[in-house]
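Participant: Quick one: the structure is below, questions incoming.
Number of protein chains: 4
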Amino acid sequence: MKARFGAARLLGALLAALVGLVLAFPAVGRADAVTDSVAAVEPTCRDVADRIFALREQGGAEHQSSALLRETLAGLGFAVTGDLSVPADLVPGGVSQTAFRAEMAGNAPGPTVAIMLEYDALANGHSCGHNLIAGSGLVAAAALARLMPGLPGRLVVMGTPDEERGSAGGGKVALLEGGHFDGADVVLITHPADRWSLDQRLLAMKRATFTFHGKASHAAAAPEKGVNALNAVQLTFHCADMLRQHLPQDVRLHGIVTKGGDKVNVVPELAQAEFAVRALDTATMDDAYARLVDCAKAGALGTGASLEFVAPRVALTSPVVVAPLIEATRRGLLAAGVEAGQLKDWTEFVSSDLGRVGNAYPTVNVWFKIAPGGTALHSDAMREAAGSPEGWQAARKAATAVALTAYEMFTHPQEVEAVKQAFTAARGKATGGAPAP
Amino acid sequence: MKARFGAARLLGALLAALVGLVLAFPAVGRADAVTDSVAAVEPTCRDVADRIFALREQGGAEHQSSALLRETLAGLGFAVTGDLSVPADLVPGGVSQTAFRAEMAGNAPGPTVAIMLEYDALANGHSCGHNLIAGSGLVAAAALARLMPGLPGRLVVMGTPDEERGSAGGGKVALLEGGHFDGADVVLITHPADRWSLDQRLLAMKRATFTFHGKASHAAAAPEKGVNALNAVQLTFHCADMLRQHLPQDVRLHGIVTKGGDKVNVVPELAQAEFAVRALDTATMDDAYARLVDCAKAGALGTGASLEFVAPRVALTSPVVVAPLIEATRRGLLAAGVEAGQLKDWTEFVSSDLGRVGNAYPTVNVWFKIAPGGTALHSDAMREAAGSPEGWQAARKAATAVALTAYEMFTHPQEVEAVKQAFTAARGKATGGAPAP
Amino acid sequence: MKARFGAARLLGALLAALVGLVLAFPAVGRADAVTDSVAAVEPTCRDVADRIFALREQGGAEHQSSALLRETLAGLGFAVTGDLSVPADLVPGGVSQTAFRAEMAGNAPGPTVAIMLEYDALANGHSCGHNLIAGSGLVAAAALARLMPGLPGRLVVMGTPDEERGSAGGGKVALLEGGHFDGADVVLITHPADRWSLDQRLLAMKRATFTFHGKASHAAAAPEKGVNALNAVQLTFHCADMLRQHLPQDVRLHGIVTKGGDKVNVVPELAQAEFAVRALDTATMDDAYARLVDCAKAGALGTGASLEFVAPRVALTSPVVVAPLIEATRRGLLAAGVEAGQLKDWTEFVSSDLGRVGNAYPTVNVWFKIAPGGTALHSDAMREAAGSPEGWQAARKAATAVALTAYEMFTHPQEVEAVKQAFTAARGKATGGAPAP
Amino acid sequence: MKARFGAARLLGALLAALVGLVLAFPAVGRADAVTDSVAAVEPTCRDVADRIFALREQGGAEHQSSALLRETLAGLGFAVTGDLSVPADLVPGGVSQTAFRAEMAGNAPGPTVAIMLEYDALANGHSCGHNLIAGSGLVAAAALARLMPGLPGRLVVMGTPDEERGSAGGGKVALLEGGHFDGADVVLITHPADRWSLDQRLLAMKRATFTFHGKASHAAAAPEKGVNALNAVQLTFHCADMLRQHLPQDVRLHGIVTKGGDKVNVVPELAQAEFAVRALDTATMDDAYARLVDCAKAGALGTGASLEFVAPRVALTSPVVVAPLIEATRRGLLAAGVEAGQLKDWTEFVSSDLGRVGNAYPTVNVWFKIAPGGTALHSDAMREAAGSPEGWQAARKAATAVALTAYEMFTHPQEVEAVKQAFTAARGKATGGAPAP
C-alpha cells in the first residue's frame, strides 16, 4: 500500500511538471513579439533615463523630468494628462504639477494595466536609481504601445513623483486619493537594487511626533517648581525600548529626540520626539503604534507634562501579496533571461508609498540587480550603478519582464480575473476586510 | 540719629537678657525639688531599664517589659490600665496587650502632662536604646509622682509599644485612634542618640506596594504574546528616579523590587515594588506620594500591565514644631547640666509614629547623647551604649529635663496655654487646618 | 533564442522529476520491509510509552523510565550500558544514572546511526510529550533491530535524560562531553508538536546571572552613604532593552530580577538579575551575549556597585542544518503517509540541548503533530495529547520515518558520506571552522 | 549647685550683651562719618546707575557702561586701569576690554579692601539688577574716597564684567587668573534680590558636554548594523537620574539633550547632552561630577558608542564663609537701618563667578531687597524693580553697609587679621588645604 502510494505521488509530480510545460508554450510566441518591440524602443528610452539621471531633481521639484516623460509618451501616442488634481492637504494647492497620467486604449475592451514611473532624486543624486524606474517603465510602455493596436484593454502610465519623502503623502498617496488609479486591474513597477527579487514585502509605516509641554524653572534654584518635559521624552523612549521585546520581530520602532531642552540651567519646558512604527503587516503596525502612543501618554502621566499629539494624516500600508501576479512576473523574468536561482529574498525591509498602491490594487514590483550584493540603496555606489551601462542592461531585462507580464494580462483576461480574486482574498485575510485607507 | 538708634538697639538686647534672668529665677527652686526627687528614684528605675535591656523583646511581644513597667508604676501609686482597646485592623483582636496607660492626679485640676515610654527591641537587641526611653521616662514619672501631692494637674504615663515596625500602626497610632491620649495638654518623650538635640524634625511617611499583573508567555518562543509586568516596575522606578529632581530636597523617595519574575524563560506575569515616600512636611509628602502613584499608573499604561494598588491604612505625619515647648525643655536641659553648645541639629532624618502624636498634641522629644557622634541608630555600637553606665547617666539628665519641663507646665498653666496656642497656630499653618489623621 | 531557452528549461524540470522518480523506486521495497517491522514491534513499544507517561519522572530522577527502556532494549538484543561516565561538574558524582547507551551491530562494518530517546517529564506531567519521543524512538530501534542481521553498520540507541532543565548540561551535553556519541555518523530524534515539521532551527542560548554588590545605608537618614545595587540592575535592563533594537531580529534577550533589595528603608546592598540570550546562529548569540555583559558592566560603572559575574560553564549552540539528511527524512515521512503539504515551518523558536548534538553530528529532528495547531508545548492540552491514541498514531508515523531514514543510511553508505560532507561544509560556514563547544 | 549654676549662666549672657554694646560704640562715630559721605555722593552715583540701566549692555559688550564707571571713578580721584590682561583662552585676545581696576591709597599702609562692580545685562534688560550692583558699589567707593585721606590702607574698585554667562570664565575668573585681585585683604559686593540676606551660600558648579558617536544605519532596513548614539544619552540620563538619590540633598544635577538624532529613519550617529553639577561645597560637587562622568562612560560602554568628553577649563567653586566678616557686615546693615528680623536665609541656591572670588579671598555679598518676596531673579518684575526709586533706596542702604564694613576694616587692622585667619581656617577645612583653582 505504502509503496504504491509513494509511486503515485511521484507520478503526480511528473504530471504537474508536464502541465507547467504546456502552460508555458504560449509564452514562446508572446516573448518574441514583446522582446522585439523592446529592442526597437530601447535607445530612445535609455536617452530619457540618462537625462533624468543628469537632472537629479528632488521630490516635488522634478518638473523637467516629468515634462520629458510626458513629451516622450505623447510622442508615442499616449493621451497625457498633467497637473493632476489631488487633496490640498497633501499637496499645497491641490494640484500635483509633477505627476501625470498617460493612457492608450487597445483594440477592444479588456484589462487595464498601469505601469508606474518614479523620477525623483535624493540630495546625493539618483542614488535610489529612480531614473531607471522611469527608464525601464518607459521601455515597457513604449514596447507595449507598439502592440496595443492588436490587443484588447487599456495601458496606463502613471507618473508618480515624490516617493522619497515617504509618508508625507505627496506622491502615490495623493494620486490614489485623487482617484487617478481608478479602474486599474493590475499595477506594475520596477526598482533597481543589489539583487533580483520578486519579494513584495514592504513595511507598513506610521509616524508620530510627540510634543511634551512642561514648566520652566531654574534648574538649581527651584527645580521643584519645574515640570520637566525632557523627562517625559525619556520615559516614552524607555517604554518604547521595552515594548520592542513584546512585539512581533518584524516590527520596527525607532525614534529620535528633536527637542530636549534649551539651556542647561533651565528645567526643559518643551521637549519633542519623533518616532516611526513599521511592520510587514498593517494591522500589526497599527497595534504597535497604539502601544507606542500609550508610551507617550505614560510619559506625560508619570511626569506631569502635557502631551500634544495628533496622529498623522497619512500612513503607509503594506502591500497585498498576489501570488498569481508574482508568478506571472516570475515567468516574465525568466523569459527575459534572469535565472531562477538569481531570484533572492528581500530581508532589509523598507517602506514606500508603493505599499499603499499595493494595498489598493493587485501590484507587483520587480527588484532588478544593478550593483553587487550588499550595495545599499541611497549610497553613492548605488548612484554610480544607476548611471552605468550595466545598470541599464538590468533595467532593460526588468522592462522586458514588465512588458511580458502586461502582455499576458491583456491576452489572458481569465488570468486577470484570477489575479483580482487572489488579491481580494489575500487582502481580506490581512485586513479583516477593512477598506483601503 | 543712626548712632542713637544703634545704642538703643543694644540697650534693648540688654533688657531682654535681664528679663530672661528674671524668668529663670523660679527655675532655681523648681530645679532643686525636681533634681532631689530624681536622685531619690533613680536606682529603682535604672534596675528596670537594665532588665528591659536584658529582655530585648521585639515589637508586639514586649509582654514582660510591659508588665515590669506596669508593676513599677502601680507601686509608685499610679492607677494603671493595661489591655487597651484599639482599632482591630491595626492590632488583631482590637486589644493592645503590651500598651498601658498609668495616671496620677495632683491636688487640684490643672494641666495634663503625658510621658511616653517605649520598650521594644530590634533583632540585634536594644540597638535603638528603647530601654533608656522607658528608663528615663520612668525616672521622670517617678520623680514627679513624689511631687504630685503638691501640684495641680494630672500626670499620665503612656506605655507605647511596637515603635520599630513603623507605619504598621501597632503602636502610638493605634493608641491615638483608641482615644488613649485624649485630654493630654503636653506630651514628652526622650530618645538616646549620638548627640544632644531638641531638633523635632521627623519625616512624614507613607508606603506603597505596587503589584503589576501581566501575562506569561514563553520568552523566546512567543514574547509577543506576553505582557511584561517587570517592565511596568522598571518604568515606575525610572519615573520615580526622574521625579526626585523635581521634589523639594528634603523629600525621600526610595524603593525595592520585591518580585521581578519567576523564570528567565517566561515573560514575567507578576512583578512588585515597594516604595516609601517621606518629607519633613506632611503636605509635601502627600504631594510627592500622589506623583509616585502616577508613576506606577504610567508604568501600567505604558506596558499594558494592570496595576493593583491600595493606599495604606496608616501613614505617618511630621510633628508640629512648638517653639515655646521646645524652649521650656531647653531650659530644663541646661538646668540638668547640658551645655547650650552641645545642642545640635538633627540632619539624618527618619520617621516615627512619634510624628503622629506630635501632629495631634504639643509634643517634644529630647535626643540625648549616649554614644560618640556618628554612631548610627540600630547599630551594635549603639546597643552597647544603651547598656552602658555612661548611657544611663545621659538618660538621667534627659529624665531630669523632662521632669523639669513637666514641673514647669504643672506650675505655670499660662505657659501650657501658650504652648497650646503655638501648637494650634503652627499646625494650622502646616496643614491648612486639616484635622489630625 | 528566448523561446527555445524557455522550452529547454521546462524540459530540464521534467527530467529532474523523472530522476526523482527513479531514485525513489528503491524506497518501495525498503518501505515494505521497514513498515512491516514497525507493525510487528509497535504494541510492545506503545506499552512502554504508556508506562513512561504514567511514571511522569522529572529530569535527573527518571530512574524507572530509564530502567524500563534499558530492559526493553536488552530484551530486543541490544548491548545496553547504563551509569554512563560524564563530567562531574555537570552531573554530581560524574555518573549519569538515568542515561544509557544501547548498541547492536549489523552483519558488516558500515554507518553508525544513533537514535535518541528522551523520557523526562515536567511538573505537570508529560506536557512536552517525551514519552512519545521515547516510544517512537523505541519503535524505530526495535523495527531496525529485526533488520540489522541483514544490514551493514551499527545501530545505537542513546538514552538522553534531563532535557527540560536546558542549559544546566545534565543531559545531552554531559553525554557529548563524556564521549558517548563518539563514532556516530547520523543522529535521529523525534518530538511531538502541534504540527509536522522538519524545520531544524533551534536557538543557541547562553544564560547570565549578574550579581551586583552595593552598600547598605538608611534610605531616608543617609541615602548619600549608600551604593544602590538595584540601580545597577535597572541600568543593565534599560541598556539591554535598548540593545534589542540593534540586534538581528531573531535574537532573544530576556531577563528577570531575582533580587531587588531587602527592606524598603534600606538602600539595596545586593541585587541580582538573570538573563538568557538566544539566536538562531551561535555566533550571533555570542555577539549579543558579549553586548549584554557590557550592559551589566555599564550598570556597575554607572552606579558604583561592583559586578559579580562568571559566564556559565554550559551554553547551547544552534544545530547545523544538513540539507541531504533532512531530504532523506522528508522522503521517509512522505512514505510514512505524511502529506508534503502538511510539513510546516517552525517559527516559535526554542532552545534545546539537541542543538549541541546537532552542532557536533549530522542530526535531524522530526516534529510530529499530536495536537491542533496552536497547542503550546508544556501546556496541559499537550500533555493530554501525549497520552492519547491519536498521539500514538502520529508517533508511529514519525517512528516509521526515522526507521526508513536509518535504513536508507545503512543501505546507501554514499548517502551517509554526502550527509557528512554537507554537515562539515555547513558547519564550517556557520562557525568559521571553530571546534564544537 | 544647679540653681547657682543656672544663675551664673544668665549673668554670663548679661555680660556678653554688655561687651557687644561696648564694641558697638565706636561704630557710632564711624557711622556718622560714612553716612554723611554717602549722602554727599549719592546723586551722582544714582545717575550712573540709571544710565547703565538704560544701556542694558550684555556680557562682554558692556563697553559704554564700563567707560562710564571708569570716567566717574577717575573723576573721584581713583587711578583707573582698563584693558586688563587676562588668559587668552578665557577672553579671546587676552585683554578684557570691559573690565577695569581703580585704586586709591590712604594716608598710610594698611588693609586693602576691594569693592566689585557688575554691570552686564540679560536679553530682557537689567532683570538681574547689575545696574544697582554697580550703583551701590560706586556709592560705597565714592563715599570712602572722601575719607581715604584720613585712613590707612588702600581702596580698590574692580569692574567685573560678564557675570551672567557664568562658568564661561570671562568675568571674575579671568580677572583672578590675570592677577588683578592680588593683594586684596577683603572683597565686598552687593546684589539686589527679593529679600535682605547675608547668606553667603553659592553652589559650586562644573559643566559637562557629552558627545556620543555611534554609527548610522537605516533604522528599518538594517538597525542591527547601527550603533545608536541616542541610546548612550538615554542611558547617561537614566544613570544620572538614579544617582541623584545617593548624593547629598544640596547637590544639583541637571541636563538637557542638545542633539538626539537627525532623521527618524536613520539610527542616530551623533547625540549630545549637556549637564551641570552643583553643590554648596566644592568637594561635594567634584565628587558628584566624577560620578556623572562615570554615567556617561557607562552610556558609552553599554551601547558601544564612543564618548567624546573633555572636562571644562573653568569651574565655579563655592565661596568660603567667613563668619567675622559677615558679622561686621551685619553690623553695617543694622547701622544702615535694616532690621535684624529682615535678614533672611537664602535657599534658592544659584552659582556665580563670585564663588571663585570668595574661594580665593575673604569676601562678602550683601543681598538687598528691591522687590516683594518671591520675585525671581531674571524676571521682568525684577527688572522693573531694578529701575525703580524703591530699588535705589535699598541699594543705598546696601552701599552704606559696604562702606561701613570697609571703614571698619581700614580702622581696625586687627579685625582684618581675624577675618583672614577665619578665612584660612574655614577654607582649609573645606578643601583640605587645596590651592584655589
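Chains as they are written, first to last, in our numbering: chain A, 8 to 444; chain B, 8 to 444; chain C, 8 to 444; chain D, 8 to 444. The beta-carbon is built from N, C-alpha and C at its ideal position, and this holds for glycine as well.
#1: Would you list, in chain order, the members of the region 261-290 of chain D that have their beta-carbon closer than 9 Å to a beta-carbon of chain B?
#2: Would you decide whether histidine 70/A is buried or exposed? Buried here means 16 or more other CB atoms lie within 10 Å of its CB.
#3: Residues in its own chain within less than 6 Å of isoleucine 263/A by CB, not counting five upstream and five downstream?
#4: Beta carbon of arginine 214/A, beta carbon of valine 163/A: below 9 Å?
#5: Just to confirm the assignment: which complete alpha helix (DSSP H) runs, minimum length 4, are found wholly within the region 336-363 of chain C?
#6: I want to see whether chain A comes within less than 9 Å of arginine 251/C, judged by CB atoms only; does it?
#7: Along the chain, where does the alpha helix (DSSP H) that runs through glutamate 78/C open and close?
#8: Using a Cβ-Cβ distance cut-off of 9 Å, determine whether leucine 30/B contacts chain A.
#9: Under a three-way DSSP split, which group does alanine 141/A fall into?
#10: For chain D, is any of its Cβ atoms less than 9 Å away from the one on glutamine 241/A?
#11: For the alpha helix (DSSP H) holding phenylalanine 244/C, just list the boundary residues, first then last.
#12: Just how far apart, CA to CA, sit isoleucine 377/D and proline 275/D?
#13: Would glycine 67/A and proline 168/A qualify as a contact pair, given that the criterion is a beta-carbon distance under 9 Å?
#14: Between glutamate 315/B and chain A, is the shortest Cβ-Cβ distance under 9 Å, so that the two count as touching?
#15: Which residues, in order along the region 194-228 of chain A, keep a beta-carbon less than 8 Å from a beta-carbon of chain C?
#16: Cβ closer than 8 Å: which chain C residues qualify as neighbours of arginine 448/D?
#17: Histidine 133/D versus chain B: which residues are under 7 Å apart at the beta carbon?
#18: Quick one: Cα of glycine 309/A to Cα of glutamate 170/A, how far?
#19: Is the separation between the beta-carbon of valine 3/C and that of valine 193/C shorter than 9 Å?
#20: Report back the beta-carbon spacing between glycine 4/A and histidine 253/B to the nearest angstrom; my notes put them in contact at under 8 Å.
#21: If you measure from the beta carbon of alanine 236/A to each beta carbon in chain B, is any gap under 9 Å?
#22: Could you run through the region 83-114 of chain B and flag, in chain order, every residue whose CB is less than 7 Å away from some CB of chain A?
#23: At what residues does the alpha helix (DSSP H) containing lysine 304/D begin and finish?
#24: Could you tell me if glycine 186/C is buried or exposed, where buried requires 16 or more neighbouring beta carbons within 10 angstroms of its beta carbon?
#25: Under a CB-based cut-off of 9 Å, is lysine 304/D close to chain C?
#26: Along chain C, which residues have their Cβ under 9 Å away from the Cβ of serine 358/B?
#27: Pull up the distance between the alpha-carbon of proline 319/C and that of alanine 295/C, whole angstroms please.
#28: When you compare only the Cα positions, how much space is there between alanine 23/C and arginine 259/A?
#29: In or out: aspartate 387/B buried (at least 16 other Cβ within 10 Å) or exposed?
#30: Where does threonine 125/B land, buried or exposed, given buried means 16+ other C-beta within 10 angstroms?
#31: So if DSSP puts proline 159/B in a beta bridge, which residue, or which two residues, is it bridged to?
#32: If I follow the unbroken alpha helix (DSSP H) through glutamate 415/A, where does it start and stop?
#33: With 9 Å as the threshold, decide whether the Cβ of aspartate 301/D is near any Cβ in chain C.
#34: Using CA coordinates, which residue listed in Arg53/D, Val364/D, Thr382/D and Leu384/D is at the minimum distance from alanine 211/D?
#35: Tell me, please, which residues DSSP counts as bridged to proline 199/D.
#36: At a CB distance below 8 Å, what residues from the region 326-356 of chain D approach chain A? Give them in sequence order.
Facilitator: Quick answer:
#1: His261
#2: exposed
#3: Glu281
#4: no
#5: none
#6: yes
#7: 70-82
#8: Reliability fails at leucine 30/B, whose pLDDT of 45 lies under 50, so the model's placement of it is uncertain and the value that follows must be treated cautiously. Judged by the 9 Å Cβ criterion, leucine 30/B is not in contact with chain A.
#9: helix
#10: yes
#11: 236-250
#12: 49 Å
#13: yes
#14: no
#15: none
#16: As displayed, chain D neither begins before 8 nor continues past 444, which places residue 448/D out of reach and without an answer.
#17: Those within 7 Å of histidine 133/D in chain B number zero; the least Cβ separation is about 30 Å.
#18: 39 Å
#19: Residue 3/C lies beyond the range of chain C shown here (8 to 444); nothing can be said about it.
#20: Because residue 4/A is not part of the residues shown, which for chain A are 8 to 444, the question remains open.
#21: no
#22: none
#23: 289-310
#24: exposed
#25: yes
#26: Ala227 and Asn272
#27: 15 Å
#28: Any reading at alanine 23/C must be qualified, since the residue scores a pLDDT of 47, below 50, and its modelled position is unreliable; no value is offered.
#29: exposed
#30: Just to set this straight, residue 125/B is glutamate in the shown sequence, not threonine. By the neighbour-count rule (16 or more Cβ atoms within 10 Å), glutamate 125/B is buried.
#31: Ala115/B
#32: 396-418
#33: yes
#34: Val364/D
#35: Phe375/D
#36: Glu355 and Phe356
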